[in-house]
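As structure tokens, the structure follows; a few thoughts come after it.
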Amino acid sequence: MASEAPTCDRCGSERAVIYQPHTGRRLCLKCFEEDIVERVRREIERWGMLRLGKTRLLLALSGGKDSLTLLYVMAQLHDVNRMAVLTVYEGAGGGYRLREIENLKRFAKSYGVDVEVVSFRDYIGAELAELVRAAREAKLGVKPCTICGTLRRRIINWYARLHGFEKVATAHNLDDEVQTLYMNILRGDLDGMLRLHPLAPTLSDKLVPRIKPLRKIYEWETAALAYLKGWRLPVEACPLITEEASLRAHIREVLYRLEWRQPGFLLRVLENFDREMLPLVKQLYGKPRLPLCEKCGEPTSYGRRVCRVCEIIDALREKLSRPLTLAEPRPQR
Ligand code: SF4
Ligand code: ZN
1 MASEAPTCDR
11 CGSERAVIYQ
21 PHTGRRLCLK
31 CFEEDIVERV
41 RREIERWGML
51 RLGKTRLLLA
61 LSGGKDSLTL
71 LYVMAQLHDV
81 NRMAVLTVYE
91 GAGGGYRLRE
101 IENLKRFAKS
111 YGVDVEVVSF
121 RDYIGAELAE
131 LVRAAREAKL
141 GVKPCTICGT
151 LRRRIINWYA
161 RLHGFEKVAT
171 AHNLDDEVQT
181 LYMNILRGDL
191 DGMLRLHPLA
201 PTLSDKLVPR
211 IKPLRKIYEW
221 ETAALAYLKG
231 WRLPVEACPL
241 ITEEASLRAH
251 IREVLYRLEW
261 RQPGFLLRVL
271 ENFDREMLPL
281 VKQLYGKPRL
291 PLCEKCGEPT
301 SYGRRVCRVC
311 EIIDALREKL
321 SRPLTLAEPR
331 PQR
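Under our numbering, residues 1 to 333 are what the sequence shown spells out, in order.
Here's what the structure looks like:
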């Protein structure tokens, strides 16, 4: 049983406020924060994710705890004048995202970072809720999260390329990464699995390289940091979330149980993956460039002539009241 008000195992002076099961240490808030910032710095430097203080970096954020943690950490490690935040407004229905975006803007402003909002409507002419409704009518059998993720990734890359960003950082944490790793294994998607490696090449000049600086930070750590710092967090969830693919939910549950029984399990899985898969990742450098979509000219998967975004537009065009078209590039800022 923990004794009353234990002191921090790192600095030995402050009162510990958090127990870190994977290290067995009790930490004060300052040491907990510093530990996260240092681990992110090490991960960035280990894989050469970016040149700290130099690279033009776009943070693609939603506004949840992971997003705020990434912004908070990068504001300490990187030059805030070399980075900006992009958030994509999907339009899933309800006002929760608008409140989340306002919160993100306030938070980013306190670090002197601008937030740009690009909506699905800006890019494709319709909101996610309309697209999902039309997809149901058309009996497309595509899940809302698939439409949402496909379009969001496209918009982020399009925006980053248009504005000359060298790297895009997303706020995926350790739990996300290991879940995705297992999903790819279960689907037998070796390429998808290898692309999770931080040294995996970008297979098209039209894709801005993406990095995940929080990939070794547990989700509970971003939640704890947000709580201890008193950051405001959205309490509402996306109204379409109930239709999330259940495979991830099952994997998440199993992984949590394993982590609970063997603290540090997720970290070890990703460390082993980083090390053992390196030879296979290097083979990806010999792969041909990704084909370009015949309709929009954006990169698409091997074997495809038309990209997923154009496929969605084509399938839904007649079901919507407005025509769906891709946005014209905006002038450079
Ligand atoms: Fe998009 Fe699915 Fe997330 Fe909703 S839950 S924002 S539909 S990915
Ligand atoms: Zn296309």
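All C-beta atoms in this analysis are idealised placements derived from N, C-alpha and C, irrespective of residue type, glycine included.
Since this is a predicted model, take the numbers as computed values, not measurements.
The Cβ atoms of Pro213 and Ala160 do not sit closer than 8 Å to each other.
As a beta-bridge residue in DSSP terms, Glu116 pairs with Leu86. Counting of Cβ neighbours within 10 angstroms places Thr222 among the buried residues, the total reaching 16 or more. A Cβ-Cβ distance of about 17 Å is found for the pair Leu207 and Val281, leaving them out of contact under the 8 Å criterion. As the crow flies, the alpha-carbon of Ala224 is around 26 Å from that of Trp47. The beta carbon of Arg56 sits closer than 8 Å to those of Arg82, Met83, Gly164, Phe165, Glu166, Lys167, all from its chain and outside the five residues before and after it, given in chain order. Counted as a single uninterrupted DSSP element, the beta strand (DSSP E) harbouring Ala60 occupies residues 57-60. Between the ligand ZN and the CB of Val306, the shortest heavy atom gap is smaller than 7 Å.
In chain order, Leu174, Val178, Glu259 place their CB closer than 6 Å to the CB of Leu266, counting only its own chain and leaving out the 5 sequence neighbours on each side. Beta-bridge annotation (DSSP): Ile211 is paired with Ala169.
The beta carbon of Val309 sits closer than 7 Å to at least one heavy atom of the ligand ZN. In the assembly as shown, Cys11 is an exposed residue. Its beta-carbon has fewer than 16 other beta-carbons within 10 Å.
When only Cα atoms are considered, Glu33 and Ala16 end up about 12 Å apart. Cβ neighbours of Ala200 within its own chain (closer than 7 Å, five residues either side excluded): Leu194, Val281, Leu284. Pro6 and Lys65 have their C-alpha atoms spaced approximately 27 Å apart.
Within its own chain, the residues whose Cβ lies closer than 7 Å to the Cβ of Met183, once the five positions on either side in sequence are excluded, are Leu247, Arg248, Ile251, listed in chain order.
In the three-state DSSP reduction, Leu181 falls in the helix class (H, G or I). Taking 7 Å as the cut-off, the C-beta of Lys295 counts as close to a heavy atom of the ligand ZN. By the criterion of a C-beta distance shorter than 8 Å, Leu324 is surrounded in its chain by Ile124, Gly125, Ala126, Ile313, Leu316, Arg317, once the five residues flanking it on both sides are discounted.
Cβ contact annotation for Val235 (same chain, cutoff 6 Å, sequence separation greater than five): none. Within the model, the alpha-carbon separation for Gly188 versus Pro291 is close to 22 Å.
In this structure, the beta-carbon distance from Arg154 to Glu298 falls below 8 Å. Excluding residues up to 5 positions away in sequence, Asp175, Val178, Gln179, Tyr182, Phe265, Leu266 lie with their Cβ nearer than 8 Å to the Cβ of Leu255 in the same chain. Judged by DSSP secondary structure, Gln283 falls within the alpha helix (DSSP H) whose first and last residues are 278-283.
Between the C-alpha atoms of Leu58 and Gly192 there is a straight-line separation of about 23 Å. Relative to the non-hydrogen atoms of the ligand SF4, the Cβ of Pro234 never comes closer than 7 Å to any of them. Taking a 10 Å sphere around the C-beta of Leu186, we find fewer than 16 other C-beta atoms and assign the residue as exposed. In this structure, the C-beta of Leu128 approaches the ligand SF4 to less than 7 Å from one of its heavy atoms.
Taking the Cα of Gly63 as reference, the smallest distance to any Cα among Val40, Ile44, Leu50, Thr87 is reached at Thr87. Assigned with DSSP and collapsed to three states, Leu290 falls in coil, not helix or strand. Rounded to whole angstroms, the gap between the alpha carbons of Trp158 and Glu253 is 34 Å.
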